[in-house]
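Enquirer: Let me give you the structure first, and then I'll get to my questions.
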Amino acid sequence: MTPTPLKYLQHYSASLQDKIRQLQSQNMLGEYIAQRYPESHQIQTDKALYVYSNELKQAFLRNAPLLDKVHYDNRLTIDHHALGLNTAISRVQGGKLKAKKEIRISSFFKETPADFLKMIVVHELAHLKERNHDKAFYQLCQHMEPNYHQLEFDCRVYLLWKTEN
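In numbering that gives the first Met the number 0, the protein residues as written are 0 to 164.
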């Protein structure tokens, strides 16, 4: 009998899912995360998140459009399948079309390890240059955060742990 795929991890290999299932059955997901990511972050305000995001953008995406707003959003939840959003709000100003770039990060990330916040910000920043989740998009994510794929996987494990507690 095939075990049911783990929520948030169904696209990963069966062997990886089995390892996480084993940790889950031993109630060790939290310990796994704590050992790998002991460092929390102090980025608790929208202003601090804006500064943090712009520093990453300047370091890796100098030619990308300026960010008009970056903030935590209580309405973005895992139930809505969104932990971050990148939007461009277009408005006509003086006969010209202006697009305001905005990134919204789920408030969930206020309480996560620092690396998970960096991973989601990198993900949303990559959308400034690459709209689709294709090879070029993930290459850009890895350029900004070489450990991107591992962080994404571990963040999914963290989500699994948090939603079962």
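From the three backbone atoms N, C-alpha and C, an ideal C-beta is built for every residue, glycine too.
What residues in its chain sit with their C-beta under 6 Å from that of methionine 143, if we drop five residues either side in the sequence?
Expert: Counting only Cβ-Cβ distances below 6 Å, and skipping sequence neighbours, we find Phe59, Val121.
Enquirer: What's the gap between the Cα of lysine 56 and the Cα of proline 64?
Expert: Here the alpha carbon of lysine 56 sits roughly 9 Å from the alpha carbon of proline 64.
Enquirer: Which stretch, first to last residue, makes up the alpha helix (DSSP H) that contains arginine 20?
Expert: 13-24
Enquirer: Quick check on DSSP: helix, strand or coil for glutamine 41?
Expert: Coil.
Enquirer: Less than 8 Å between the C-beta atoms of leucine 159 and tyrosine 36, yes or no?
Expert: No, Cβ-Cβ distance for leucine 159 and tyrosine 36 is not below 8 Å.
Enquirer: Can you have a look at valine 13 and say buried or exposed, based on whether 16 or more other CB atoms are within 10 angstroms of its CB?
Expert: For the sequence presented, residue 13 should be read as alanine rather than valine. Around the beta carbon of alanine 13, a 10 Å sphere encloses fewer than 16 other beta carbons of the protein chains shown; the residue is thus reported as exposed.
Enquirer: Using 8 Å as the Cβ pair cut-off and three pairs as the minimum, do the segment 32-49 and the segment 106-122 touch?
Expert: yes
Enquirer: Among Glu151, Gln9, Glu101, Lys161, which one has its Cα closest to the Cα of asparagine 53?
Expert: Glu101
Enquirer: Going straight from the alpha carbon of alanine 113 to that of glutamine 43, what length do you get?
Expert: Inter-residue distance for alanine 113 and glutamine 43 is about 11 Å (C-alpha atoms, whole angstroms).
Enquirer: Do valine 156 and isoleucine 32 have their C-beta atoms closer together than 8 Å?
Expert: Yes, they are a contact pair.
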